[in-house]
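Visitor:
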Amino acid sequence: MIRIQDIGSFSAVREAGMAKLVPSRPRIGVGMGTCGKGNGAEGVYHAFAEAIEQQGGDVRLASVGCFGFCAREPLVNVRIPGKPLVILQRVQTSDVRRILDDVACGTVPEDLALC
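Next comes the structure, spelled out in structure tokens:
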């Protein structure tokens, strides 16, 4: 539990939270809830991890919880600095390189966009 006792500790907690909401570099979150895992999210996550390591890209990868749209799993959320969050649907390991290429250009594959 975080205890906020003064304005300095409040500011530190606020900045840490804002860094997650408004990242300074692209952030990709793979939904690893039960539905996501059952539809291949673990493979998608590992494909992202491997591709990011090989490319040396400046992308933060995270394993996240359920997004709540089980019928479209595996779901991947993409946050590009200065742009709105985009959730990609039915992402497969074969989509990973294309997603990373688009993210490097500041976009996402529109055909995979759910919202």
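Final position of the sequence shown in the working numbering is 130; the numbers increase by one with none missing. In this text, a Cβ means the ideal position worked out from N, Cα and C, and glycines have one as well. The structure displayed is predicted, hence computed values, not measured ones.
(1) List in chain order: all unbroken alpha helix (DSSP H) runs of 4+ residues lying wholly within the region 41-101.
(2) In whole angstroms, what separates the C-alpha of V118 from that of K35?
(3) Once DSSP output is grouped into helix, strand and coil, what is the label at L103?
(4) Considering only their Cβ atoms, is the gap separating V91 from F100 smaller than 9 angstroms?
(5) Within 8 angstroms, do at least three Cβ pairs link the region 17-27 to the region 60-80?
(6) Compare the C-alpha of S109 against each of R40, G55, A86 and name the closest.
(7) Which residue or residues does DSSP assign as beta-bridge partners of A27?
Guide: So, from the listed chains and residues:
(1) 49-53, 56-70
(2) Here residue 118 refers to the residue found at position 103 when the sequence shown is read from its first residue. Here residue 35 refers to the residue found at position 20 when the sequence shown is read from its first residue. Cα to Cα, the separation comes out at about 17 angstroms.
(3) For the purposes of this step, residue 103 is taken as residue 88 along the sequence shown, with counting starting at 1. Of the three classes helix, strand and coil, the one that applies to L103 here is strand, per DSSP.
(4) Here the question's residue 100 lines up with position 85 in the sequence shown. Here the question's residue 91 lines up with position 76 in the sequence shown. Correcting the residue identity first, residue 100 is Leu in this sequence and not Phe. The answer is no: Cβ separation not under 9 angstroms.
(5) no
(6) Here residue 109 is taken as the residue at index 94 of the sequence shown, counted from 1. Per the Cα distances, G55.
(7) Position 12 of the sequence shown, counted from the first residue, corresponds to residue 27. None, per the DSSP bridge assignment.
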